[in-house]
Amino acid sequence: VSGPALDTVERLAELRRPFVVGVRHHSPVISAAMPALLDAAAPDVVYLELAEELQPWLEWLGHPDLVAPVALAASRRDGRGLVFYPYADFSPELAALRWAVRAGVSARAFDLPVAHSMDEPGRRQGLRARDDDSGLRRLQRAYGAEDSEELWDRMIEAPGAGQPAEAVRRSALAFGWALRAGAEVDEIDLRREAWMRGRLEEGFARPAVVIGAYHAAAFLEEPLTSLPSLPPGGGGGRPSGRRGGQGGQAEVVCSIIPYSFELLDSRSGYPAGIRDPEWQQSVFEAGADPARIEAALTSAVVRVCRRARELGHPAGVPDEREAVRVAVDLARLRGLPAPGRRELVEALQTCLAQGEPLGRGRAIASAMGRVLVGIRGGSLARGTPRSGLGPHVEELVARLRLPSAGAERAVELRLDPLRSDLDRRRHVALERLAACGVPYGSRVGPPGVEQITERWDVRWTAATTAMLELAALYGVTLDQAAEGALRRRIAGAAGAALLLDALASAAACGLGGLALDLLRRIREELPRRATLPELIGALDLCDRFRRGHEPGWRPGADAEAELALVEPELEAAAIRQVEGVAGSDRLDDARALLAIVRRFSSLPPGGAASGSGGIGSERLRWALRRMGDGGSPLMQGAGGAVRVLLGHDEAGAFAARLASWVDAAAGPGAQSILAARLKGALVVATPLLEASAEITGPLVARVDELDDAAFLLRLPALREAFEVLSPAARERFLGTIRSVHGREIDLRLDHAPELLARWADADRAGVAAAAALPEVVP
Amino acid sequence: MSQAVQQLPAEELHARELAFLAAWDGGERPRGWRLTPRAAVTFVAGSGDEQLRLSRKAGDGLPRSLAIPAKFVGNRALVERAVVTLAGERGLMLVGEPGTAKSMLSELLAAAVSGTGSLTVQGTAGTTEEHLRYGWNYALLIAKGPHAEALVPSPVMAAMRRGAIARVEEVTRCLPEVQDALVSILSERRLAVPELGEQGTVFAAHGFNLVATANLRDRGVSEMSAALKRRFNFELVEPIPDLELETELVRRQAAAALARVGAELRLDDVVLAALVTAFRDLRIGRSVEGWAVEKPGSVMSTAEAVGVATSLGLSAAYFTPTDPLALLPGYLLGVVRKDDPQDQARLLGYWDSTVKRRADEGSETWARLWEMRTALEE
């Protein structure tokens, strides 16, 4: 920042009507400096960057009995315009509010009312810096920071320790101006800023404003004499905006909920968080004093090492000493007054992780997570009005005419969500409650089978009420809570199956944004990690969405585009996996192979086979040929059949091979191989075997020609193989054999089986005796 | 040393910068160091575009201002941590995939801190304890008995006496029992020579420390003992994160390699970009566009890319000029097909998916490469 920019920052810092404190939503150094700043400025009112509707809640947020972290949320009844503000002790706005309560100065929420806003969720959080800003990128490069959060740490938090309050305020203002200068401020921000400037004209003599550093420069402009015109009904000033409600002010729901550090950590996937809140808390408690920060650092290092020892990894006093030394020396080398979060993290990695990303490295990471993120939870002051999810769901349930509290027995519902809009909304509500973990409705019917009519058992019990309170942690409205719960579920260790489950749930819950995120993640992760059946499951799911079979979610244009990207990737990955299942002896894998083929055979006939089809079809052909020759017996059978289905191989050639397998099963141990080969072929190719005498012919002919002993030897294997078919399929196969034989086979026995067996024995003895006779030349 | 050597040691190659930096930062130095930690970081990671200026009184015969180019391309924070580690009581262990410039970094650090990178033990499976501790001149030993003159110090011992940085390259290629000779040197900072009696112990002078490099993933490496690991701070050196930086580095190094044989690098930017892109895709397992790519088992390091670029340059310099793009698939196959025959199938898979898709999207370079697919099939 230099030249004219410096001038602007100077003017901002000197501004007294209002006195501007530019902040980030969480910032230990500014929070620590806040009382001193406000004492010096002695304002007669403190304006906070909070939607106006939240004004009544400031009383409870600033209550002396409240224990942070807590979160304030507000949204319109229709779920739009959501704002969500988590607060910890190190949030400058909370620090300012607490100062105002202590000093007896009035505090006012002065941001654009939610009723007037058209914000998408998460738009209003903290720094208001988009990562594509070129100025931001330049600064990030200069400071070696990866994102705006890290950049703020490098520019404000780390150098700010132990500095005079006024110097910290100035550096934050400079930071905000650096982001703003040169970039275009978007329309939503301009409207909010105009509104806030308008509010300043309330006639206070010494107003102070606590606001995101990015917005600070807005107060340099002349205040508007009148408020920007806003049409009634919250439609906003945007011509393209849809009108919410039928005129009159849109109704707004607000709530305050206890929050926790686990959710506040920005990596948890919840909005408006910060990395490592427990560390930020300790910096705040140290009053941002360098010596006390060093003490806090030592304590954090010791706790990480203790935790690592509990996890079974040696980390003793020498490690602790070295980690503290490295952190402190790094800070000194970088010219910082005290080590910051980054120095702490770097030192722990360098001194403890021993270059292993897995194993020890993971244990250290888990220890750091526990110690630096923390598990602190907040609580509200007694008497704080309850609000949020509970009433919202009670009302929703009544509106959808679903069973409410007090019902004696479970109600069985039949829903037709694809036909009736009410049923669709019920479906979405029930799925959302299920995603929140609230016991209310349970789906009846066989799993994994898609049905047009859904059956649900629904009942509101005491557990429903209790779990709703818990789920309120994730949000004030049901969609927000469902999204929060799902995000939490996938935030930690995420296997492919878990991601797919979450995607199915997100779509059923009508959470388009989350579903889109998950699709992106699936595109990123599944091709490398999923098994073949999982990939097929994912492809089936994508098909369902594309065809509009999911009542909860119709993919929009961007989701359509994403689906179009995901499917080829998954298909390519599935093809790569084909090589991997070559040694498998699980029927599931053989079925998955069939599923791939179904996808490819839906391409124009000959298209896939001739190599001009989808990406990787050449590879599939190669892999299948290798599988047919060298795979496990099961996959040899399956691979061979698949090749016929794809047109890579002649049906006749495969039929000959099929028959030859029967012949090959002569020795001991060869029986199980025959069984497995036939199983594989049958699982994949039942329709083929039924339809084409060309394929069954040679097989039946070989079996026909076997003598009794050879047939009996192979019989168990043949039986085992045909077990994989359903009874109906076996019946149809029998029909095929009948047609091959061209005559009716009578399967009823005229005589007792024992008698028949004795006749057969006698026959065989006669044949043997005749064979033993010396050859007589006539 | 003259032009007769293939590669000059870092301290000679950059002698002017080292002298300049020593005069530039007059701040406090750890005992035994030639430069301050700040100047050492600047030497390795560069001064950006900034021209550093000398104060008026300092330095005769030095330039008044100098911009220091970055010699190690990558994370500056890593260099800072490495320098801080060397100022402490633990050794520095640089680990990472082969070809990530670990050895170069260790040489630069040693040159910056103690003015020499030559106190080096090259670790192999044949390295013995004598290479790390000391040996004897047997003729003298037999003639005069155990006696200081007959002692042949190892580079490590020499570094202890001088208070310099000793380097152990490829420490994981040494057998574990040999590696463990470093444990007591690092913790007690002394090396006893029992044959010489009480006067025999060598104490490390201020400034002594160890930089070791190791491959954790490569074949033919041994485990390190837990005791040894505890005496090192580990830095994981990652492949270069940025495509442009890597392309630039490959160009520079290939040009230098060609200059050594007196040839000039004549390679189009397009070819170089395609080469580096293919290497990165296969190394990371994800294409530049974000498509999944199946990783081969072979190491696809920047050093290997430099090797291919050099070969392409050499063939352009010595043979009749052909289309270097046409040669690229063959060279790539040579890099990929080292030990796992499946890797050839993976490279084919890369061609069938990523290369084809790029060709379909209208890139002429990649369309040409797609046409050359037959070169991979033999």
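Chains as they are written, first to last, in the working numbering: chain P, 11 to 788; chain G, 712 to 1089. Positions of the beta carbon are idealized from the N, C-alpha and C atoms, including for glycine. Predicted, not measured: the structure shown is a model, and the values here were computed from it.
### Task
Below 8 angstroms on the Cβ atoms is my guess for R435(P) versus L410(P); work out the distance and round it to an integer in Å.
Contact between R435(P) and L410(P) holds: CB atoms are separated by about 6 angstroms, below the 8 angstroms threshold.
#### Entry: Per DSSP, cross-strand counterpart(s) of T924(G)
L805(G)
### Task
Tell me whether the beta-carbon of P748(G) lies closer than 8 angstroms to the beta-carbon of A798(G).
In this structure, A798(G) lies closer than 8 angstroms to P748(G) by Cβ.
### Query
Taking the DSSP output, what are the residues bridged to G32(P)?
I221(P)
### Query
Quick one: what's C264(P) bridged to in DSSP?
A84(P)
### Query
Between G388(P), W109(P), A296(P), V19(P), which lies nearest to V80(P) when the distance is taken from Cα to Cα?
Here the closest residue by C-alpha is G388(P).
### Query
Nearest chain G C-beta to R631(P) closer than 8 angstroms, yes or no?
no
### Message
Using a Cβ-Cβ distance cut-off of 8 angstroms, determine whether R1069(G) contacts chain P.
### Response
no
### Task
Could you confirm whether any beta carbon from chain G is found closer than 8 angstroms to the beta carbon of E356(P)?
yes
#### Entry: Run of the beta strand (DSSP E) containing T831(G), from where it starts to where it stops
831-833
### Task
In the DSSP assignment, find the unbroken alpha helix (DSSP H) run with L852(G) in it and report its ends.
849-855
### Task
Could you tell me whether the stretch 1034-1048 of chain G touches the stretch 984-1003 of chain G, using the rule of 3 or more Cβ pairs below 8 angstroms?
yes
### Task
Spell out a yes or no on whether the stretch 805-819 of chain G and the stretch 855-869 of chain G are touching, meaning 3 or more CB-CB pairs, one atom from each, closer than 8 angstroms.
No: fewer than three Cβ pairs fall under 8 angstroms.
### Task
State yes or no: is the beta carbon of E1005(G) nearer than 8 angstroms to at least one beta carbon in chain P?
yes
### Message
Quick check for students: name the residue ranges of the alpha helix (DSSP H) that lie wholly in the stretch 389-453 of chain P, counting only runs of 4 or more.
### Response
399-409, 431-445
### Message
Taking the beta carbon of F1030(G) as the centre, do at least 16 other beta carbons fall within 10 Å, making it buried, or is it exposed?
### Response
exposed
### Task
Determine the chain G residues that contact Q364(P) at a beta-carbon separation under 7 angstroms, and present them in chain order.
Near Q364(P) (Cβ distances below 7 angstroms), the residues of chain G are K940, F945.
### Message
Does R900(G) come out as helix, strand or coil in the three-state DSSP assignment?
### Response
DSSP places R900(G) in the coil class of the three-state scheme, outside both helix and strand.
### Message
Assuming W735(G) is part of the alpha helix (DSSP H), what are its boundary residues?
### Response
726-735
### Reduced DSSP secondary structure (H/G/I, E/B, other) of W466(P)
strand
### Message
So with CB distances below 7 angstroms, who are the chain P contacts of P748(G)?
### Response
L343
### Query
Does the Cβ-Cβ distance between L1080(G) and V1066(G) come in under 8 angstroms?
yes
### Task
Determine, using beta carbons only, whether G32(P) and A182(P) come nearer to each other than 8 angstroms.
yes
### Message
I believe M871(G) touches L902(G) by the beta-carbon criterion, under 8 angstroms. Please report the beta-carbon distance rounded to the nearest angstrom.
### Response
About 6 angstroms separates the CB atoms of M871(G) and L902(G); that is less than 8 angstroms, so the two are in contact.
### Opening and closing residue of the alpha helix (DSSP H) in which A574(P) lies
Start and end: 567-590.
### Query
Would you report the Cα separation of A600(P) and T706(P), rounded to the nearest angstrom?
20 angstroms
### Task
Mark L709(P) as exposed unless 16 or more other C-beta atoms lie within 10 angstroms of its C-beta, in which case mark it buried.
buried
### Query
So, is the C-beta of V544(P) closer than 8 angstroms to a C-beta in chain G?
In the sequence as displayed, the identity of residue 544(P) is Glu instead of Val. No, its Cβ sits nowhere closer than 8 angstroms to a Cβ of chain G.
### Task
Tell me whether the beta-carbon of A923(G) lies closer than 8 angstroms to the beta-carbon of V882(G).
yes
### Query
What are the start and end residues of the beta strand (DSSP E) that includes F214(P)?
Element bounds for F214(P): n/a, residue is neither H nor E.
### Message
Quick check: what's the CA-CA separation for M721(P) versus R768(P)?
### Response
Per the sequence presented here, residue 721(P) reads as Phe, with Met not at that position. About 17 angstroms.
#### Entry: With 16 other Cβ atoms within 10 Å as the buried cut-off, status of V327(P)
Exposed, by the Cβ-count rule.
### Task
Reducing DSSP to helix, strand and coil, say where F120(P) ends up.
strand
### Task
Note down, in chain order, each residue of its chain lying with its Cβ closer than 6 angstroms to the Cβ of A518(P), except the 5 sequence neighbours on either side.
E441, G562
### Per-residue burial, V217(P) [other beta carbons within 10 Å of its own, 16 or more giving buried]
In the sequence under discussion, the amino acid at residue 217(P) is Pro, which differs from the Val named in the question. By the 10 Å Cβ count, P217(P) comes out buried.
### Query
Curious, which full-length alpha helix (DSSP H) runs of at least 4 residues does the stretch 954-1032 of chain G contain?
954-971, 980-995, 1013-1029
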